[in-house]
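Working notes, structure below.
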Amino acid sequence: MVVGVDADGRPAVLGVHRADPYEVTLIGGLWTAQVLAVRVVGTGARVVVETGRAAAWTTLAQAVGGDPPGLTLHGPGRVPEQRPSAHGPVLVVRDCGTRPPRRRVAAAPWQCVLTLLPCLGPEDRWLPARSSVTGVQRVSPEEAGRLARLLHLPAEVAAALPTLADGVTLWCTRREQRLVATEGTEMEMGLLGVPRRVDPTY
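For the sequence shown, our numbering gives the first residue as 36, with consecutive numbering after it.
This is the structure in C-alpha coordinates:
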(Lines of atoms letter the chains of each structure in order from A and count residues from 1; the text may use other names and numbers.)
(Lines give C-alpha, C1' and ligand atoms only; values in the text may rest on other atoms or scores of the structure.)
Protein backbone atom coordinates (compact mmCIF):
# COMPACT_ATOMS: atom_id res chain seq x y z
CA MET A 1 0.00 0.00 0.00
CA VAL A 2 1.43 3.39 -1.01
CA VAL A 3 1.18 5.80 1.93
CA GLY A 4 2.74 8.82 0.21
CA VAL A 5 6.03 10.11 -1.15
CA ASP A 6 9.30 10.71 0.66
CA ALA A 7 11.56 13.77 0.54
CA ASP A 8 13.09 12.52 -2.73
CA GLY A 9 9.70 12.05 -4.38
CA ARG A 10 9.86 8.26 -4.17
CA PRO A 11 6.72 6.27 -3.30
CA ALA A 12 6.66 5.08 0.32
CA VAL A 13 5.04 1.69 0.83
CA LEU A 14 3.64 0.15 4.01
CA GLY A 15 3.04 -3.60 3.84
CA VAL A 16 0.20 -4.53 6.18
CA HIS A 17 -0.76 -7.95 4.77
CA ARG A 18 1.72 -10.34 6.37
CA ALA A 19 1.88 -13.94 7.46
CA ASP A 20 3.32 -12.84 10.81
CA PRO A 21 1.66 -10.60 13.43
CA TYR A 22 2.28 -6.94 12.61
CA GLU A 23 1.49 -3.86 14.70
CA VAL A 24 1.51 -0.23 13.61
CA THR A 25 1.18 2.78 15.91
CA LEU A 26 0.20 6.14 14.45
CA ILE A 27 0.56 9.12 16.76
CA GLY A 28 -1.35 11.55 14.65
CA GLY A 29 -4.61 12.53 13.06
CA LEU A 30 -7.79 10.78 12.01
CA TRP A 31 -7.44 11.97 8.40
CA THR A 32 -4.27 9.94 7.82
CA ALA A 33 -5.71 6.83 9.50
CA GLN A 34 -8.81 7.04 7.33
CA VAL A 35 -6.82 7.48 4.13
CA LEU A 36 -4.83 4.37 5.06
CA ALA A 37 -8.08 2.50 5.74
CA VAL A 38 -9.48 3.44 2.31
CA ARG A 39 -6.32 2.29 0.60
CA VAL A 40 -6.29 -1.02 2.47
CA VAL A 41 -9.87 -1.69 1.36
CA GLY A 42 -8.68 -0.92 -2.16
CA THR A 43 -6.23 -3.84 -1.91
CA GLY A 44 -9.14 -6.21 -1.32
CA ALA A 45 -8.68 -6.54 2.45
CA ARG A 46 -11.29 -5.91 5.11
CA VAL A 47 -10.95 -3.06 7.62
CA VAL A 48 -12.41 -3.34 11.10
CA VAL A 49 -12.56 -0.14 13.13
CA GLU A 50 -12.74 -0.14 16.93
CA THR A 51 -13.78 3.37 17.85
CA GLY A 52 -15.43 5.54 20.46
CA ARG A 53 -16.45 8.10 17.83
CA ALA A 54 -18.42 6.10 15.28
CA ALA A 55 -19.93 9.28 13.81
CA ALA A 56 -16.48 10.27 12.53
CA TRP A 57 -16.26 6.99 10.58
CA THR A 58 -19.87 6.45 9.45
CA THR A 59 -19.69 8.38 6.17
CA LEU A 60 -16.53 6.52 5.20
CA ALA A 61 -18.04 3.13 6.07
CA GLN A 62 -21.10 3.91 3.96
CA ALA A 63 -18.99 5.10 1.04
CA VAL A 64 -16.81 1.98 1.05
CA GLY A 65 -19.87 -0.28 1.01
CA GLY A 66 -19.55 -3.76 -0.44
CA ASP A 67 -21.14 -7.11 0.33
CA PRO A 68 -19.80 -8.08 2.75
CA PRO A 69 -18.88 -4.55 3.84
CA GLY A 70 -15.26 -3.56 3.29
CA LEU A 71 -15.19 -1.47 6.48
CA THR A 72 -17.14 -2.19 9.65
CA LEU A 73 -17.43 -0.23 12.91
CA HIS A 74 -17.44 -1.58 16.46
CA GLY A 75 -17.44 0.01 19.90
CA PRO A 76 -14.39 -0.12 22.18
CA GLY A 77 -13.78 -3.68 23.36
CA ARG A 78 -16.46 -5.08 21.04
CA VAL A 79 -14.51 -6.27 18.02
CA PRO A 80 -15.55 -9.87 17.20
CA GLU A 81 -13.12 -12.55 16.08
CA GLN A 82 -12.22 -11.96 12.42
CA ARG A 83 -10.70 -15.25 11.16
CA PRO A 84 -8.23 -13.61 8.75
CA SER A 85 -6.42 -15.60 6.08
CA ALA A 86 -4.01 -15.12 3.19
CA HIS A 87 -7.05 -14.77 0.90
CA GLY A 88 -8.90 -12.52 3.35
CA PRO A 89 -6.46 -10.28 5.25
CA VAL A 90 -7.75 -7.84 7.86
CA LEU A 91 -6.62 -4.48 9.18
CA VAL A 92 -7.96 -3.58 12.62
CA VAL A 93 -7.85 0.16 13.32
CA ARG A 94 -8.01 0.98 17.03
CA ASP A 95 -9.32 4.55 17.31
CA CYS A 96 -10.06 4.66 21.02
CA GLY A 97 -8.38 7.85 22.21
CA THR A 98 -5.35 8.13 24.46
CA ARG A 99 -6.43 5.14 26.58
CA PRO A 100 -7.49 2.17 24.44
CA PRO A 101 -9.39 -0.45 26.47
CA ARG A 102 -7.39 -3.24 28.06
CA ARG A 103 -9.34 -5.88 26.18
CA ARG A 104 -7.33 -5.32 23.04
CA VAL A 105 -7.43 -6.89 19.62
CA ALA A 106 -4.23 -8.83 19.04
CA ALA A 107 -2.22 -8.84 15.86
CA ALA A 108 -2.19 -12.26 14.21
CA PRO A 109 -1.14 -13.85 10.92
CA TRP A 110 -2.84 -11.83 8.16
CA GLN A 111 -4.34 -9.48 10.77
CA CYS A 112 -2.49 -6.19 11.21
CA VAL A 113 -3.46 -3.86 14.06
CA LEU A 114 -3.07 -0.11 13.67
CA THR A 115 -3.44 1.86 16.91
CA LEU A 116 -4.24 5.55 16.41
CA LEU A 117 -3.18 7.83 19.26
CA PRO A 118 -4.01 11.55 19.14
CA CYS A 119 -1.00 12.24 21.36
CA LEU A 120 1.59 10.36 23.39
CA GLY A 121 0.34 9.82 26.93
CA PRO A 122 2.50 8.80 29.90
CA GLU A 123 1.14 5.25 29.82
CA ASP A 124 1.92 4.82 26.10
CA ARG A 125 5.67 4.56 26.46
CA TRP A 126 5.56 0.86 25.54
CA LEU A 127 3.50 1.23 22.35
CA PRO A 128 6.15 2.52 19.92
CA ALA A 129 8.71 0.07 21.26
CA ARG A 130 6.37 -2.88 20.63
CA SER A 131 5.20 -1.73 17.22
CA SER A 132 6.80 -2.97 14.03
CA VAL A 133 6.29 0.50 12.56
CA THR A 134 5.52 3.80 14.30
CA GLY A 135 4.18 6.85 12.52
CA VAL A 136 4.56 10.26 14.16
CA GLN A 137 2.83 13.39 12.96
CA ARG A 138 3.13 16.89 14.42
CA VAL A 139 3.57 16.70 18.20
CA SER A 140 4.49 19.09 21.00
CA PRO A 141 8.17 19.72 21.81
CA GLU A 142 7.74 17.71 25.02
CA GLU A 143 6.32 14.74 23.13
CA ALA A 144 9.08 15.06 20.54
CA GLY A 145 11.69 14.78 23.29
CA ARG A 146 10.06 11.66 24.73
CA LEU A 147 9.70 10.08 21.30
CA ALA A 148 13.35 10.81 20.56
CA ARG A 149 14.28 8.65 23.53
CA LEU A 150 11.72 5.92 22.82
CA LEU A 151 12.52 5.63 19.12
CA HIS A 152 16.21 6.58 19.26
CA LEU A 153 15.70 9.48 16.87
CA PRO A 154 18.57 11.74 15.78
CA ALA A 155 18.38 15.18 17.40
CA GLU A 156 17.65 16.96 14.12
CA VAL A 157 14.78 14.59 13.32
CA ALA A 158 13.20 15.02 16.76
CA ALA A 159 13.56 18.81 16.50
CA ALA A 160 11.50 18.78 13.28
CA LEU A 161 8.51 16.91 14.75
CA PRO A 162 6.73 19.98 16.23
CA THR A 163 6.88 21.71 12.83
CA LEU A 164 5.57 18.97 10.52
CA ALA A 165 2.88 20.04 8.07
CA ASP A 166 -0.56 18.45 8.04
CA GLY A 167 -0.40 15.14 6.18
CA VAL A 168 3.31 14.60 6.85
CA THR A 169 4.33 11.57 8.91
CA LEU A 170 7.68 10.35 10.18
CA TRP A 171 7.51 6.57 9.74
CA CYS A 172 10.01 4.72 11.93
CA THR A 173 11.21 1.15 12.15
CA ARG A 174 13.98 -0.17 14.37
CA ARG A 175 16.44 0.47 11.52
CA GLU A 176 15.39 3.70 9.81
CA GLN A 177 13.19 6.78 9.77
CA ARG A 178 11.49 8.26 6.73
CA LEU A 179 9.47 11.46 6.33
CA VAL A 180 6.46 10.85 4.09
CA ALA A 181 3.87 13.28 2.74
CA THR A 182 0.43 11.77 2.18
CA GLU A 183 -1.71 13.51 -0.43
CA GLY A 184 -5.30 12.45 -0.89
CA THR A 185 -6.62 11.34 -4.25
CA GLU A 186 -9.62 13.15 -5.69
CA MET A 187 -11.91 10.47 -4.26
CA GLU A 188 -10.24 10.56 -0.84
CA MET A 189 -10.39 14.35 -0.67
CA GLY A 190 -14.07 14.26 -1.61
CA LEU A 191 -14.77 11.90 1.27
CA LEU A 192 -12.34 13.18 3.90
CA GLY A 193 -11.44 16.73 2.96
CA VAL A 194 -7.94 18.19 3.11
CA PRO A 195 -5.17 16.74 5.32
CA ARG A 196 -5.45 17.79 8.96
CA ARG A 197 -3.79 16.98 12.25
CA VAL A 198 -6.49 18.19 14.68
CA ASP A 199 -9.55 15.92 15.01
CA PRO A 200 -13.04 15.93 16.51
CA THR A 201 -12.99 15.09 20.22
CA TYR A 202 -14.05 11.72 21.58
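Every residue, glycine too, gets a C-beta built ideally from N, C-alpha and C.
Query	Result
N- and C-terminal bounds of the alpha helix (DSSP H) containing Ala47	Counting along the chain, Ala47 falls outside any alpha helix (DSSP H), though it belongs to the beta strand (DSSP E) covering 46-48.
From Pro103, Ser167, Arg231, residue whose alpha carbon lies closest to that of Gly202	Arg231
As assigned by DSSP and simplified to three states, the class of Glu191	helix
Contact between the region 126-133 and the region 149-158 (3+ Cβ pairs under 8 Å)	yes
Through-space distance from Trp206 to Pro46, alpha-carbon basis	13 Å
Pairwise C-alpha distance: Arg113 and Gly50	26 Å
Pair within 8 Å by beta-carbon distance, Val229 and Gly63	no
Length-filtered (3 minimum) beta strand (DSSP E) runs lying within the region 48-116	57-62, 81-86, 106-109
C-beta contact flag for Thr107 and Val84 at 8 Å	yes
Environment of Arg160 [buried if 16+ CB atoms lie within 10 Å]	exposed
Euclidean distance between Cα positions of Ala200 and Leu126	26 Å
Inter-residue CB distance, Leu188 and Gln212 (contact presumed, cutoff 8 Å)	6 Å
Nearest to Ala193 (by Cα), restricted to the options Leu185, Glu218, Gly180	Gly180
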